[in-house]
Amino acid sequence: MSFNSEQEKFWATTYANDYIKKNCEFDHNLGSEAWGNMLQKTKGDVRNYLECGCNIGRNITQIKLAFPEAKPSVIEISEPAFNFVTAHHEFTNAYNVAILNSNFEKE
Numbered sequence: 003m004s005f006n007s008e009q010e011k012f013w014a015t016t017y018a019n020d021y022i023k024k025n026c027e028f029d030h031n032l033g034s035e036a037w038g039n040m041l042q043k044t045k046g047d048v049r050n051y052l053e054c055g056c057n058i059g060r061n062i063t064q065i066k067l068a069f070p071e072a073k074p075s076v077i078e079i080s081e082p083a084f085n086f087v088t089a090h091h092e093f094t095n096a097y098n099v100a101i102l103n104s105n106f107e108k109e
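So the sequence shown is residues 3 to 109, counted in the numbering used here.
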């Protein structure tokens with residue numbers, strides 16, 4: 003994978019595994035409640051969403067608890083994080099690339 007910047011290289015390689023470890027411990031019920039509160043004005047009408055830089059999918063887990071029918075898609079630059087999140091969740095679309103290099107169409 004080629005990188006456009008040192009920051010992309012850092013997130014994809016240097017810091018990838020440390021960030022995964024750091025994100026593994028979290029209160030998903032509390033997170034789900036927070037996402038539900040943040041998105042309450044949608045009145046539950048969230049059908050699909052795209053998370054850019056999802057890492058291991060902590061937000062995906064919480065949004066699924068708050069909006070179980072919504073269909074997620076993700077973009078993640080780190081191969082270890084991408085492999086982790088795609089092993090634990092089903093996605094409409096999943097891209098293991100830098101956000102600026104992603105090629106997706108609005109559905």
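Don't be surprised by glycine CBs; every beta carbon is placed ideally from N, CA and C.
{"Asked": "Exposure of Ser7, with buried meaning 16 or more beta-carbon neighbours within 10 Å", "Found": "exposed"}
{"Asked": "C-alpha gap between Ala89 and Glu10, whole angstroms", "Found": "23 Å"}
{"Asked": "CB contact flag (Leu52, Pro74, <9 Å)", "Found": "yes"}
{"Asked": "Proximity below 9 Å, CB of Arg77 to CB of Ser104", "Found": "Per the sequence presented here, residue 77 reads as Ile, with Arg not at that position. Yes, the pair counts as a contact, with Cβ atoms nearer than the cut-off."}
{"Asked": "Endpoints, beta strand (DSSP E) assigned at Pro74", "Found": "Lys73 to Ile77"}
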